[in-house]
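Its first residue numbered 33, the sequence shown is counted upward by one per residue in our numbering. Just so you know, even glycine gets a beta-carbon here, dropped at the ideal spot from N, CA and C. The structure appears right after this line, and notes come after that.
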Amino acid sequence: MHNKNLAKSINDAGWSQLRKWIEYFGIKYGRLTIAVNPAYTSQECFNCGKLIKKSLSVRTHVCSCGYVEDRDKMAALNILKKATIGQIGSWSSDLNAWGDLSSILVGSNTCQDNLSQ
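Dropping the structure here:
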């Protein structure tokens, strides 16, 4: 495209639509969806958090802390960490005895939680 701003807005609209669809299907199928800013996830060390700039041709992350990992796997781990930071346990959605969708916090003591309410 000749107009770089137009190309960027078309690209942004595509990502926005993808996010809307993912959120829609997450709600439809009872799954939690969390949007995470992917900036620097392939450059930030998963082990120590140090930012190590590298070109796209460098496929392996090697940090001075000794952590070595595939760049894409480390980005996925960093995205997971950003999505779950500050969360207690993990959410699980399953059908209950009546066939209804029920969400519970995995690792919580639901009996104790109910008694304290």
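Continuous alpha helix (DSSP H) stretch holding residue i: start and end
i: Thr116; result: Arg103 to Thr116
CA-to-CA distance, residue j to residue i, given in whole angstroms
i: Ser48; j: Ser41; result: 10 Å
i: Arg51; j: Ala67; result: 8 Å
i: Leu83; j: Arg63; result: 32 Å
i: Asn43; j: Thr73; result: 20 Å
i: Lys60; j: Asp104; result: 29 Å
i: Lys114; j: Ala107; result: 10 Å
i: Asn37; j: Gly46; result: 14 Å
Three-state secondary structure (DSSP) of residue i
i: Leu50; result: helix
i: Asn146; result: For Asn146, the predicted model reports a pLDDT of 46, less than 50, meaning its position is unreliable and no value from the coordinates is stated.
i: Gly62; result: coil
i: Asn69; result: coil
Residues that residue i bridges to, as DSSP identifies them
i: Leu83; result: Glu76
i: Thr92; result: Asp102
7 Å CB neighbourhood of residue i in its chain, flanking five on each side removed
i: Ser87; result: none
i: Glu76; result: Leu83 and Asn110
i: Asn79; result: Cys95, Cys97 and Tyr99
i: Asn69; result: none
Same chain, Cβ closer than 6 Å to residue i, neighbours up to 5 away in sequence not counted
i: Glu101; result: His93
i: Ile54; result: Thr65
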